[in-house]
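So the sequence lines, in the order shown, correspond to chains A and B. According to this note's numbering, the residues represented by the first sequence are 535 to 955, in order. According to this note's numbering, the residues represented by the second sequence are 557 to 671, in order.
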Amino acid sequence: MSQGDDQSAIKTAEAVARRSYGKLVAILAARTHDVAGAEDALSEAFASALADWPVNGAPLSPEAWLLAVARRKMIDAVRRRRVSAVASGHLQLMAEELEATASLVPEIPDERLALMFACAHPIIEPGIRAPLILQTILGFDAQTIGSAFLVSPAAMGQRLARAKRKIRHAKVPLRVPDRADMRARLTAVLEAVYAAYTEGWSDPAGTDASLRNLAEEAIWLGRLIVTLLPKEPEALGLLALMLYSHARRCARRSPAGEFVPLADQDPALWDEGLIDEAEDLLVRASAFDAFDRYQLEAAIQSAHVVRRRTGATDWVAIERLYDGLCAITGSPVAAINRAIAVAQTRGPAAGLAALPVLALGSRLVEYQPYWAARAELHTRMGETAAAREAYDQAIALEIDPAVRRFLQRRRTESFGQYRTT
Amino acid sequence: MQYMLLVYRSEAKYKDATKEQKAETFAAYAAYTEILKKAGAFVAGSGLQDSSLATVVRAPDGKPTVLNGPYIESREQLGGYYIIEAADLDGAIAWAARCPGARQDTVEVRPLMVY
Numbered sequence: 535m536s537q538g539d540d541q542s543a544i545k546t547a548e549a550v551a552r553r554s555y556g557k558l559v560a561i562l563a564a565r566t567h568d569v570a571g572a573e574d575a576l577s578e579a580f581a582s583a584l585a586d587w588p589v590n591g592a593p594l595s596p597e598a599w600l601l602a603v604a605r606r607k608m609i610d611a612v613r614r615r616r617v618s619a620v621a622s623g624h625l626q627l628m629a630e631e632l633e634a635t636a637s638l639v640p641e642i643p644d645e646r647l648a649l650m651f652a653c654a655h656p657i658i659e660p661g662i663r664a665p666l667i668l669q670t671i672l673g674f675d676a677q678t679i680g681s682a683f684l685v686s687p688a689a690m691g692q693r694l695a696r697a698k699r700k701i702r703h704a705k706v707p708l709r710v711p712d713r714a715d716m717r718a719r720l721t722a723v724l725e726a727v728y729a730a731y732t733e734g735w736s737d738p739a740g741t742d743a744s745l746r747n748l749a750e751e752a753i754w755l756g757r758l759i760v761t762l763l764p765k766e767p768e769a770l771g772l773l774a775l776m777l778y779s780h781a782r783r784c785a786r787r788s789p790a791g792e793f794v795p796l797a798d799q800d801p802a803l804w805d806e807g808l809i810d811e812a813e814d815l816l817v818r819a820s821a822f823d824a825f826d827r828y829q830l831e832a833a834i835q836s837a838h839v840v841r842r843r844t845g846a847t848d849w850v851a852i853e854r855l856y857d858g859l860c861a862i863t864g865s866p867v868a869a870i871n872r873a874i875a876v877a878q879t880r881g882p883a884a885g886l887a888a889l890p891v892l893a894l895g896s897r898l899v900e901y902q903p904y905w906a907a908r909a910e911l912h913t914r915m916g917e918t919a920a921a922r923e924a925y926d927q928a929i930a931l932e933i934d935p936a937v938r939r940f941l942q943r944r945r946t947e948s949f950g951q952y953r954t955t
Numbered sequence: 557m558q559y560m561l562l563v564y565r566s567e568a569k570y571k572d573a574t575k576e577q578k579a580e581t582f583a584a585y586a587a588y589t590e591i592l593k594k595a596g597a598f599v600a601g602s603g604l605q606d607s608s609l610a611t612v613v614r615a616p617d618g619k620p621t622v623l624n625g626p627y628i629e630s631r632e633q634l635g636g637y638y639i640i641e642a643a644d645l646d647g648a649i650a651w652a653a654r655c656p657g658a659r660q661d662t663v664e665v666r667p668l669m670v671y
């Protein structure tokens, strides 16, 4: 066997791992509800593939080969454990399935969506749903997920294991919910995917390879959901939203690495292809006439990128869309963005009045964009003392050095006219 | 797979209910139990008498000590339970959602141990 065949067999294994990991985990865990067991069996099967394929050549249907080997490993694993009545039932079914699939190259069904719904089941705590989806669908390890979500790998590993125990022991179904449950459950799945995206997005400098990857993986998951559920408007809306933001990723920093706010970004640096795709998705979503959060947020993005054609941002449309978003989500973050739009349409005083009032103990106190918005609006009002105070708060809260430098620059500019530097 | 549905309710609120309301609740539970049985999902179930009738027993060295009152004092008390057969957690949740306790009070779904 030549070196080249070796390499191509390994490449095939890697490609299948990338493309089919979640698909195979979902199929393997469907009956046993044992996601961890399925992952173990699959990783053993991949190890076998790396040993076997370079020698015997990659099989005609790599997925079927891996599935058969992994099933055999699962049966072995169950046999090794104490065999209860329930388990021996599984054993028999699995053995029968193995028989049935061994003789022919089967069409392997795509059960990834079912697995995603299991990972976002109400019994799973919300914070671990996105990490669990990343692990079971994409095969991320606890180390990678932990660093992306700022949790120690050991703690992340434990939380993931606990979640998988829940799926197994409470017998969480691996299936796409029916109409009655779809809405609430899909919301949880989309939330988890969006959480993965925003974690990836939180590294704007794009220096952390693992995080940038996360945003792209989330888009990949979004595409997968849209492929498998083409008639869910919010799934279309979420994918559109992610693509709009992703289209602007290169414009967020100057060549020198300085933060560039949306208003100052050069539309020529935006990815036209992604924006066009997002616009199409949004049009498709709107045909269902079921507007909700993600479609609204995507529509806001759409109103921002109008600037690439007209040179001007449609602030009136943006304000109206934020009205809708505030009504649906009641989110103070949406209210802040709405206030910024109001400042554009009706002046900074109206914008300041539209900012949410800081209640005692409000989490907004720790929210940098709140203070940055306040500072900006005070500056436009010529209220330099108030502006400076708000800038100080914003700067103190910001972790990203590029954004901090930007805020410091703005702070200086805000009273520059009264003072020589 | 078997699941236990634990119905928690406020005994104080129940005591204040009118006779008609109590009869309505009783009828709702009776109908629910009947449907569970017809669907082949019923394994066991009963209402519990007032938690003031509870005793807590511990016998660490074989010598029992008995305390009056429920183990956990709370605003809501365990008022009854069902053990049901369901295909999976979602099946059990669907049954729990139909339980009269879910409308008026709170139902906790717990998978039973598989031996």
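All C-beta atoms in this analysis are idealised placements derived from N, C-alpha and C, irrespective of residue type, glycine included. Just so it is clear, the structure is predicted and the values come from calculations on it, not from any experiment.
| query | result |
| --- | --- |
| Inter-residue Cα distance where the pair is Phe683 (chain A) and Arg786 (chain A) | 22 angstroms |
| Per-residue DSSP class, three states only, for Gly858 (chain A) | helix |
| Proximity below 9 angstroms, CB of Ala936 (chain A) to CB of Glu813 (chain A) | no |
| Length of the line joining the Cα atoms of Thr621 (chain B) and Gln558 (chain B) | 33 angstroms |
| Neighbour-count burial assignment, Lys557 (chain A), 16 or more Cβ in a 10 Å radius | buried |
| Assumed close pair Ala769 (chain A), Ile759 (chain A) - CB separation to whole angstroms, cut-off 8 angstroms | 5 angstroms |
| CB contact below 9 angstroms: Ala883 (chain A) versus chain B | no |
| is_contact[Lys705 (chain A), chain B] using C-beta, thresh 9 angstroms | yes |
| Neighbour flag for Ala643 (chain B) against chain D, beta carbons, 9 angstroms | Included in the structure are the protein chains A and B, with no chain D among them. |
| Interface flag, Gly596 (chain B) vs chain A, CB-CB below 9 angstroms | no |
| Buried versus exposed, by CB contacts within 10 Å (16 or more), Asn871 (chain A) | buried |
| Distance CB(Glu645 (chain A))-CB(Ala704 (chain A)) smaller than 9 angstroms | no |
| Proximity test, Cβ basis, 9 angstroms: Met557 (chain B) and chain A | yes |
| Outcome for Ala583 (chain A) when other beta-carbon atoms lying within 10 angstroms are tallied against a minimum of 16 | buried |
| Backbone secondary structure at Arg953 (chain A) - three-state DSSP | Here Arg953 (chain A) scores only 46 on pLDDT, less than 50, and its place in the model should not be relied on; the value that follows carries that caveat. The answer is coil: DSSP assigns Arg953 (chain A) none of H, G, I, E or B. |
| Interface partners of Pro667 (chain B) on chain A, CB under 8 angstroms | His703, Ala704, Lys705 |
| Given 8 angstroms, three or more beta-carbon pairs between the stretch 560-568 of chain B and the stretch 931-950 of chain A | no |
| 8 angstroms CB neighbourhood of Asp826 (chain A) in its chain, flanking five on each side removed | Pro767, Glu768, Gly771, Ile862 |
| Below-9 angstroms beta-carbon distance, Val670 (chain B) vs any chain A residue | yes |
| One or two residues paired with Glu600 (chain B) in a DSSP bridge | Looking at the sequence itself, residue 600 (chain B) is Ala, so the reference to Glu does not match. Bridge partners of Ala600 (chain B): B:Ile639. |
| Tyr731 (chain A) beta carbon near the ligand ADP (any heavy atom closer than 8 angstroms) | For the structure depicted, the ligand ADP is absent and the ligand set is empty, with no information on it obtainable. |
| Secondary structure of Phe580 (chain A), DSSP reduced to three states | helix |
| Closest Cα partner of Thr678 (chain A) within the set A:Glu923, A:Glu733, A:Ile609, A:Trp587 | A:Glu733 |
| is_contact[Pro711 (chain A), chain B] using C-beta, thresh 9 angstroms | yes |
| Below-9 angstroms beta-carbon distance, Leu561 (chain B) vs any chain A residue | no |
| Nearest-angstrom Cα separation, counted from Ile628 (chain B) out to Leu634 (chain B) | 10 angstroms |
| 6 angstroms CB neighbourhood of Lys700 (chain A) in its chain, flanking five on each side removed | Ile657 |
| First and last residue of the uninterrupted beta strand (DSSP E) at Arg614 (chain B) | 611-614 |
| Alpha helix (DSSP H) segments (min. 4 residues) lying fully within the stretch 897-930 of chain A | 902-915 |
| Contact residues within the stretch 655-667 of chain A, judged by C-beta distance below 9 angstroms to chain B | His655, Pro656, Ile657 |
| Any C-beta of chain B under 9 angstroms from that of His912 (chain A) | no |
| Proximity test, Cβ basis, 9 angstroms: Asp715 (chain A) and chain B | yes |
| Closest by C-alpha distance to Pro890 (chain A), when choosing among A:Gly881, A:Tyr904, A:Gly680 | A:Tyr904 |
| The beta strand (DSSP E) enclosing Leu561 (chain B), as first and last residue numbers | 558-565 |
| Identified DSSP bridge partners for Val622 (chain B) | B:Val613 |
| Outcome for Ala648 (chain B) when other beta-carbon atoms lying within 10 angstroms are tallied against a minimum of 16 | buried |
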